[in-house]
């Protein structure tokens with residue numbers, strides 16, 4: 035089987051599509067979404083004719099323009115379209131439905147969305163985020179991340195994420211803890227939260243540095259854009275747990291449904307709890323280590339991309355996307 039993927043983001047290359055490759059699927063990543071968004075379809079057509087994929091996989095919202103032209107080309111070339119709605123349920127109405135109606139199969143990490151897709155007669159499969167044991171493992175000490183507390187992630191304009199910042203991140207910054215934030219847009223105007231001082235900013239954390247970051251910092255924070263889904267949560271959850279990091283996260287329904295508080299990770303739903311948990315666990319390296327190891331064990335057993343890939347391939351045959 036040959037799959038052409040519309041982008042080459044690290045969560046794919048080090049996660050889902052790497053797991054596909056590991057089980058023998060031929061996968062090619064492209065950055066064709068850039069030329070497509072600029073209005074040039076010729077590179078897209080040429081690559082499909084040269085590579086001859088069995089399907090075209092598009093995760094997320096990178097193709098923002100000329101989507102109808104993409105579908106027209108795929109139909110003309112008889113290439114099935116598969117959409118992974120990684121931003122469900124937030125982008126359910128803005129991107130997912132339109133993509134799903136044109137897809138041979140839609141994948142969603144939010145189980146609550148499935149009945150609505152079925153009502154629209156969209157072929158849908160549940161494919162959540164996970165970790166990849168070949169890339170998410172306990173790393174080595176890296177002085178770049180030698181802080182009591184770190185947060186790795188970009189600053190996004192999502193309501194629940196902003197609430198999470200004020201429950202998890204901001205209380206620690208206000209108390210001047212030994213903390214660093216890694217990511218983009220933390221000083222941009224127009225965002226609901228801006229870091230108050232550059233001393234709290236650590237720059238960018240490259241994806242291949244995440245294992246070392248989790249092995250070095252005492253506490254890794256988690257903030258989520260979705261809090262009321264039983265299955266959808268930040269993909270960083272699985273990456274941190276897979277890397278055996280001690281994860282202190284904003285509370286979400288998915289965390290409660292899939293993990294045990296104080297066993298695999300710890301969560302907080304208010305600033306006071308965050309401060310209490312940080313003070314407790316900064317003094318207790320033994321408990322941090324025990325929880326981090328159990329979190330990794332659970333992730334490896336129940337939430338790894340090898341299992342997701344097996345389900346995905348079966349669904350491709352079930353819905354006759356491939357034969």
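Numbering (our numbering), first residue to last: 35 to 357. Where a beta carbon is used, it is the ideal one built from N, C-alpha and C, also for glycine.
Nearest candidate by alpha-carbon position, reference residue 152, set 164, 161, 135, 45: 135
Going by the CB atoms, is the gap between residue 263 and residue 287 shorter than 8 Å? yes
Within 10 Å of its beta-carbon, does residue 193 have 16 or more other beta-carbons around it, so buried, or fewer, so exposed? exposed
Length of the line joining the Cα atoms of residue 335 and residue 242: 22 Å
Of the choices 226, 117, 74, whose alpha-carbon is the least far from that of residue 204? 226
CA-CA distance, residue 318 and residue 162? 32 Å
I need the boundaries of the beta strand (DSSP E) containing residue 278, first residue and last residue. Per DSSP, residue 278 belongs to no beta strand (DSSP E) and is neither H nor E.
Going by CA-CA distance only, name the one from 57, 44, 39 that's closest to residue 342. 57
Roughly how many angstroms lie between the CA atoms of residue 93 and residue 147, to the nearest whole one? 16 Å
Taking residue 272 as the reference, which of 37, 38, 49 has the closest Cα? 49
Spatially closest choice to residue 116 from 196, 184, 157, by CA coordinates: 157
What does DSSP give as the partner residues of residue 185 in its beta bridges? 215
Just curious, the alpha helix (DSSP H) that residue 205 is in, first and last residue? 204-208
What would DSSP say about residue 309, mapped onto helix, strand or coil? helix
Can you find at least 3 beta carbon pairs, one from the region 108-122 and one from the region 77-87, that sit closer than 8 Å? yes
Using three-state DSSP, classify residue 197 as helix, strand or coil. helix
Using the Cβ count rule (16 or more neighbours within 10 Å means buried), how would you classify residue 32? Outside the shown range of the chain (35 to 357) lies residue 32, about which nothing can therefore be said.
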